[in-house]
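Worksheet: one structure, shown below.
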Amino acid sequence: MDELLAGLRLRLEKAVAGWSPTASVVGLEPLTGGSSSLTFIAELAGAEHERVVVKMAPPGLPPVRNRDVLRQSRLMRALESAPQVLITRSLVEVEADSLEAPPFFAMDLVPGECVEPTLERHATRPSPKIVEARAYDAARALAALHTVEPSAVGLGGEVAITIADEIQRWHKAFTTVPAEFQGEFERGAQLLYDTAPAGLAPVIVHGDYRLGNVLCLEGRVTAIIDWEIWALGDPRTDVTWLTFFTDEGAHPAAEPGPPAGMPGKKDLIAAYEAHAGHRLPDMDWFDALTKYKEAAATALLLKRAIPAGELPPPMARMVEAVPRLVTESIAAIS
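Number 70 in full-length UniProt numbering belongs to position 70 of the sequence shown; there are no gaps in the numbering.
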């Protein structure tokens with residue numbers, strides 16, 4: 001890590017000098033969390049920002065798909081022209097020098113904490129009142145994101161992900177995991193294909209939208225973060241992902257015990273609809289897709305995590321739950 005930090009600091013010094021000639025890097029520390037990229041806090045002197053967040057692709061791997069940090073930065077730059085969207089501002093981008101010197105970007109440090117209340121231990125959760133306020137504000141912030149016309153911010157050329165594409169992606173993921181995590185994944189995918197509703201007009205979707213991927217102060221969202229899998233797609237995929245992490249959603253990884261204070265699913269959807277100005281049809285079907293997606297995505301994580309050693313409690317609770325989620329998805333639409 002020391003060698004990695006030293007190399008990044010040298011490259012960041014050059015980038016910061018080009019962005020702000022009087023600035024210098026006086027500190028660089030890693031942040032925990034995240035598996036598709038590495039995150040650091042940089043202390044600056046002589047710059048407009050005293051502290052910035054640096055996000056770098058992992059060294060030794062091609063910076064593609066969820067590791068393509070510069071694609072995330074470009075989205076954030078595009079959304080600067082949509083003031084209704086709560087984002088962090090990308091300040092500088094640096095291309096890769098090699099696989100061992102991967103690309104990175106720096107963004108402003110927005111105040112706030114990042115907590116997924118249903119997965120957090122009771123002792124460290126925000127109060128139920130604050131959790132409820134954050135959830136409603138997150139629903140409104142999501143609706144604001146979805147009101148952005150992609151072509152108006154320079155993203156009209158992106159290829160939209162269809163509902164069929166989404167099913168295919170997670171079905172393909174299931175083919176790569178051990179059999180104990182697969183359940184009836186073939187039947188589940190076929191039922192989703194057979195019953196899929198008509199798609200809505202593509203919008204900018206986050207792909208992993210939940211309270212754990214937004215920054216909050218007290219009961220308000222200050223920024224949406226972690227754009228690794230953003231795309232143009234159906235807005236309902238984001239909405240049901242948010243509602244899956246409610247107390248009512250009964251996420252299998254949730255901390256046992258008293259509820260976290262999340263609003264009901266219908267209440268969150270109503271808050272979104274009120275801000276977006278339109279209704280969302282077929283949400284029960286998208287609940288089923290969400291369970292299938294979560295099962296596949298978690299199976300991929302478990303495939304890598306189990307050989308590495310002890311699992312954190314939320315992940316350990318998912319070991320037996322993954323095939324059960326597939327069964328629940330099938331039951332919801334069969």
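Ideal Cβ placement from N, Cα and C applies to all residues, glycine included.
Where residue i falls, given that 16 or more other Cβ within 10 Å makes a residue buried
{"i": "Pro103", "result": "buried"}
{"i": "Ser334", "result": "exposed"}
{"i": "Val159", "result": "exposed"}
{"i": "Gly277", "result": "exposed"}
{"i": "Ala223", "result": "buried"}
{"i": "Ala288", "result": "buried"}
{"i": "Pro307", "result": "exposed"}
Identified DSSP bridge partners for residue i
{"i": "Ala42", "result": "Leu28 and Val52"}
{"i": "Ala223", "result": "Leu215"}
Which of helix, strand or coil DSSP assigns to residue i
{"i": "Gly233", "result": "strand"}
{"i": "Val64", "result": "coil"}
{"i": "Val239", "result": "helix"}
{"i": "Val205", "result": "strand"}
{"i": "His251", "result": "coil"}
{"i": "His171", "result": "helix"}
{"i": "Pro312", "result": "coil"}
{"i": "Thr176", "result": "coil"}
{"i": "Glu184", "result": "coil"}
{"i": "Phe245", "result": "coil"}
{"i": "Glu80", "result": "coil"}
{"i": "Leu12", "result": "helix"}
{"i": "Gly264", "result": "coil"}
{"i": "Val322", "result": "helix"}
{"i": "Ser20", "result": "coil"}
6 Å CB neighbourhood of residue i in its chain, flanking five on each side removed
{"i": "Pro314", "result": "Leu119 and Ala253"}
{"i": "Gly27", "result": "Glu43"}
{"i": "Arg77", "result": "Ser90"}
{"i": "Arg236", "result": "Leu280 and Phe286"}
Own chain residues within Cβ distance below 8 Å of residue i, not counting five before or after
{"i": "Ser127", "result": "Gly261"}
{"i": "Met1", "result": "Pro30"}
Other residues of its chain near residue i: CB distance less than 7 Å, five sequence neighbours each side excluded
{"i": "Ala189", "result": "Ile167 and His171"}
Problem - Ordered list of beta strand (DSSP E) runs contained in the segment 88-162, each at least 3 residues - result: 90-94 and 104-108
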